[in-house]
Amino acid sequence: MSNPDSLMPHAVCWAVDPRLIWTMVITNLITFLSYLAIAVTLTYLVRRTKIILARDWSYFLIGFALFILACGSTHLLEVITTWIPIFWADAWTNILTATLSAYVAIMLIRRSSEIAHGINDYGNRLSNTESEKLQLQESLLDAQKLEDWSRMSAVVSHEIKNPLQAIQNLHFMIRNYEGVSPQVAEMARMAEEEAARTLNLAESTLAFFRQSKQPEQIDLRGAVESVRFLLKPFIQEKQIEMSVESEGDCTVEAFPGETRQVLLNIVRNACEAVAKAGSHVGIKLHGKPTGVEIVVTDEGSGIDPAILPTIFQFGVSTKGDRGNGMGLWTVKHIVDKHHGKLNVQSAVGEGTRVDLWWPRAFA
246 MSNPDSLMPH AVCWAVDPRL IWTMVITNLI TFLSYLAIAV TLTYLVRRTK
296 IILARDWSYF LIGFALFILA CGSTHLLEVI TTWIPIFWAD AWTNILTATL
346 SAYVAIMLIR RSSEIAHGIN DYGNRLSNTE SEKLQLQESL LDAQKLEDWS
396 RMSAVVSHEI KNPLQAIQNL HFMIRNYEGV SPQVAEMARM AEEEAARTLN
446 LAESTLAFFR QSKQPEQIDL RGAVESVRFL LKPFIQEKQI EMSVESEGDC
496 TVEAFPGETR QVLLNIVRNA CEAVAKAGSH VGIKLHGKPT GVEIVVTDEG
546 SGIDPAILPT IFQFGVSTKG DRGNGMGLWT VKHIVDKHHG KLNVQSAVGE
596 GTRVDLWWPR AFA
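The following block contains the structure:
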């Protein structure tokens, strides 16, 4: 058996060509430094992503970093053994590298399906990024349109108040003018009453879109009565029988403008669904410890079963060409904002029932 001390360094074997020595030294040293940089980077990534990275994946990446470092160490030993024949150190480095290689290979095989699924999922999400971006832009645009529509309604309601008040004053002067005939006085009185009713309607509409910055204590019974007042001409025109029943405390913490907007949309839809004179629209409020339950029923035409599951989507309307698909979408948005619940049951030819749950507190 040969003596280990008699082993010669690589440089002795390569002495015939000095350029070969430096080629091997430089390339192995560059390879070692590259492996070292990769191992340090992997360790850095594990430390920076430890919050979201699963523990077993952290162990896998640390093991992979050690494997890379061990591979680099074999190249470092190639540089050292060029002049110093410590080949047993080189051998132990190879043993360590082989062990880490086996560990990484086994872990990689065990996670191959998970890695493949993750790559495919990322690819799918990446391919859908553009369409999701367009959907988000459309949603923001829809929200902006809704806000502009509300502001425009408020401006219009505000601007017509002054001329309506002037019309009221003129009718009052005509009615009380000396020598005016009883017929003209009566017509002036009737016109004055109509102007007063329109003025009240404008003020009520303005109140609907006036939004407070903080939730307030709102009596839902009073909000329902406000809605009934706004819809009174429509209710009388269609000869609808409307009943309002309430029990318990119907006060909730909410944004008043949004609360009335929800009730207006639901009750107006119920009235519009009614086709026969004398049909009934019922509103029941039941105050409970944690909130208020509101049930709105009508004896209208009902909703097509094919449309019913999509009625809260933007642009979907139960009124055909007469609707814009914004009403129930807005209602759902506001109810979700207040952490409430909304459910619609309907049968064609029998009518519709809307169950609205409004929490007592705005959380």
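Quick note on numbering: the sequence shown equals residues 246 to 608 in this note's numbering. The beta-carbon is built from N, C-alpha and C at its ideal position, and this holds for glycine as well. Computed from a prediction, not measured in an experiment: that's the story for all the values here.
Residue from Leu508, Ala551, Pro534, Thr597 whose Cα sits closest to the Cα of Val580:
Mapped onto the sequence shown, residue 580 falls at position 335. Per the Cα distances, Leu508.
Provide the residue(s) that pair with Arg581 in DSSP beta bridges, ordered along the chain.
As a working mapping, residue 581 is identified with position 336 in the sequence shown. The sequence shown places Asp at residue 581, rather than the Arg named in the question. None, per the DSSP bridge assignment.
When DSSP labels each residue in this structure, what does Trp602 get in the three-state scheme?
Numbered from its first residue, the sequence shown carries residue 602 at position 357. Strand at Trp602.
Between Gly527 and Thr597, how many whole angstroms is the CB-CB distance? I'm expecting something under 8 Å.
Translated into the one-based positions of the sequence shown, residue 527 becomes position 282. Translated into the one-based positions of the sequence shown, residue 597 becomes position 352. Incorrect: roughly 11 Å between the Cβ atoms, too far for contact.
Segment contact, 8 Å Cβ cut-off, at least three pairs: the region 272 to 280 with the region 252 to 264
no
Reference His584, options Phe607, Ser491, Ile351, Thr575, closest by Cα:
As a working note, residue 584 is residue 339 in the sequence shown. The option with the nearest alpha carbon to His584 is Phe607.
DSSP three-state assignment for Ala608, whether helix, strand or coil
In the sequence shown, counting from the first residue as 1, residue 608 sits at position 363. Of the three classes helix, strand and coil, the one that applies to Ala608 here is coil, per DSSP.
Among Ile313, Val472, Glu538, Phe474, which one has its Cα closest to the Cα of Thr496?
Taking the first residue of the sequence shown as 1, we reach residue 496 at position 251. The candidate whose alpha carbon is nearest that of Thr496 is Glu538.
Quick check: the Cα distance between Thr334 and Arg292, rounded to an integer number of angstroms?
As a first step, residue 334 must be located in the sequence shown, where it is residue number 89. As a first step, residue 292 must be located in the sequence shown, where it is residue number 47. Per the sequence shown, the amino acid found at residue 334 is Ala instead of Thr. Cα to Cα, the separation comes out at about 31 Å.
Is Met487 helix, strand or coil by DSSP?
Reading the sequence shown from its first residue, position 242 is the one you call residue 487. Reduced to three states, the DSSP call for Met487 is strand.
C-alpha distance - Met253 paired with Leu290, whole-angstrom precision
The sequence position of residue 253 within the sequence shown is 8, counting from 1. The sequence position of residue 290 within the sequence shown is 45, counting from 1. Those two C-alpha atoms are separated by around 42 Å.
Rounded to the nearest angstrom, what separates Ile354 and Ile360 at their Cα positions?
The residue given as residue 354 occupies position 109 in the sequence shown. The residue given as residue 360 occupies position 115 in the sequence shown. Spanning the two alpha carbons is a distance of roughly 10 Å.
Take Arg420 as the anchor and find which of Val541, Glu438, Ile556 has the nearest alpha-carbon.
Here residue 420 corresponds to residue number 175 of the sequence shown, with the count starting at 1. The shortest C-alpha separation from Arg420 is found at Glu438.
Taking only runs of the beta strand (DSSP E) that begin and end inside the region 332 to 376, which ones reach a length of at least 3 residues, in chain order?
none
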